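Numbering (this note's numbering), first residue to last: 26 to 157.
Right under this line is the structure:
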């Protein structure tokens, strides 16, 4: 998954984060706030942790956190949809510091299958590897 200039690769054991700005790969066995149960908490299984309420059906939805475990998942997320395609346009939420965040989806690529080579790191050989 790419977010800005960073690329994230999680193979179920290690999380590798590559930054093109620093040309570094951070390799770690993540725990704590990055996870809900044993899954990385990016944008997966939202229905398991949030109750969805339509604000403007077909274009805007409010997600209220129902999960009561001790995670730093946002208490509320607004999901904005692209009206032409129904795909996700953006997620808007306040982080733990109260700062407003907006994640904009520039491109979606969905497939029924996920080939195994999707989980093989393909970062530049020149990138410094840092194990945490």
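Idealized CB from N, CA, C, for every residue including glycine.
Just so you know, these numbers come straight off a predicted model, no measurement behind them.
Would you list the one or two residues that DSSP bridges to residue i?
i           : result
residue 78  : 87
residue 119 : 125
residue 46  : Per DSSP, none; premise fails for residue 46.
residue 40  : 35, 53
residue 105 : 85, 115
Just verifying my parser: in three-state terms, what is the DSSP assignment at residue i?
i          : result
residue 72 : helix
Compute the distance between the beta-carbons of residue i and residue j, then report whether it is under 7 Å.
i           : j           : result
residue 104 : residue 86  : yes
residue 43  : residue 32  : yes
residue 34  : residue 146 : yes
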